[in-house]
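Colleague: Be aware that the sequence shown starts at 4, since it is given in the numbering used here, and climbs by one per residue. The beta carbon of each residue, even a glycine, is placed where N, CA and C say it ideally should be. Just so we're clear, the structure is a prediction, and the values are computed from it rather than from any experiment.
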Amino acid sequence: MLTEQRSVIINVLKKANRPLTRKEILTKGRAQLPKLGSATVDRAINKLTEAFQLIGLAFPGQATRYELPAEQEHPHFICRVCDKVFDLDIPMRLPKVAFPEGFFVSGGEVVYSGTCPGCHGRVVK
Ligand SMILES: [Zn+2]
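1. Checking 8 Å against the spacing of the C-beta atoms, do PRO22 and ASP90 come in under that value?
2. Return helix, strand or coil for ASP86, following the three-state DSSP convention.
3. Given MET95, which residues of its chain have a CB within under 7 Å of its CB, disregarding the five upstream and five downstream residues?
4. Compute the Euclidean distance between the alpha carbons of GLU7 and THR30, then round it to the nearest angstrom.
5. Whole angstroms is fine: what's the gap from ILE12's alpha carbon to ALA54's?
6. May I have all residues whose beta carbon comes closer than 7 Å to any heavy atom of ligand 1, sorted in chain order?
7. Using the rule of at least 16 other Cβ atoms within 10 Å of the residue's Cβ for burial, across every protein chain shown, is ALA47 buried or exposed?
8. Note down the Cα distance separating MET4 from ILE93, rounded to an integer number of angstroms.
9. Taking a contact to mean a Cβ-Cβ separation below 8 Å, would you say VAL88 touches LEU60 in this structure?
10. Going by DSSP, what residue range makes up the alpha helix (DSSP H) through VAL44?
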């Protein structure tokens, strides 16, 4: 069942078009549904993640971001100035690597970092 809260979260992510932290989802969600509570958002995010309607992205030293399942794998980009994470709409080519014996690889992440268009020219922290 899609509750009002869950559909607000999905709308927020569709509109943002980039992975968002729980805090960003809460702030943007409240703009649509002012009574939206922090605990409700946390619960809804957990439920949506369990149901694979949301994908959690964990990057070292960063708050977990959430995004809607994409049609194809894509690289991510972390802006070192504003800390936003973006989806890059370009094909993801993982390098061909010979993994050590016994390792079965079922996925991979490509993460680039630098400055986003909004922060271009600003100094990296
Ligand atoms: Zn930026």
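Modeller: By the coordinates alone:
1. Going by beta carbons, PRO22 and ASP90 fall inside the 8 Å limit.
2. Three-state result, ASP86: coil.
3. GLU76, HIS77, PRO78, VAL113
4. 16 Å
5. 14 Å
6. With the cut-off at 7 Å, the residues found are CYS82, VAL84, CYS85, LYS87, THR118, CYS119, GLY121, CYS122.
7. buried
8. Below a pLDDT of 50, predicted positions are generally treated as unreliable, and MET4, at 47, falls in that range; the measurement from the model is reported next regardless. For MET4 and ILE93, the distance between alpha carbons rounds to 33 Å.
9. yes
10. Per DSSP, VAL44 belongs to the alpha helix (DSSP H) from 41-53.
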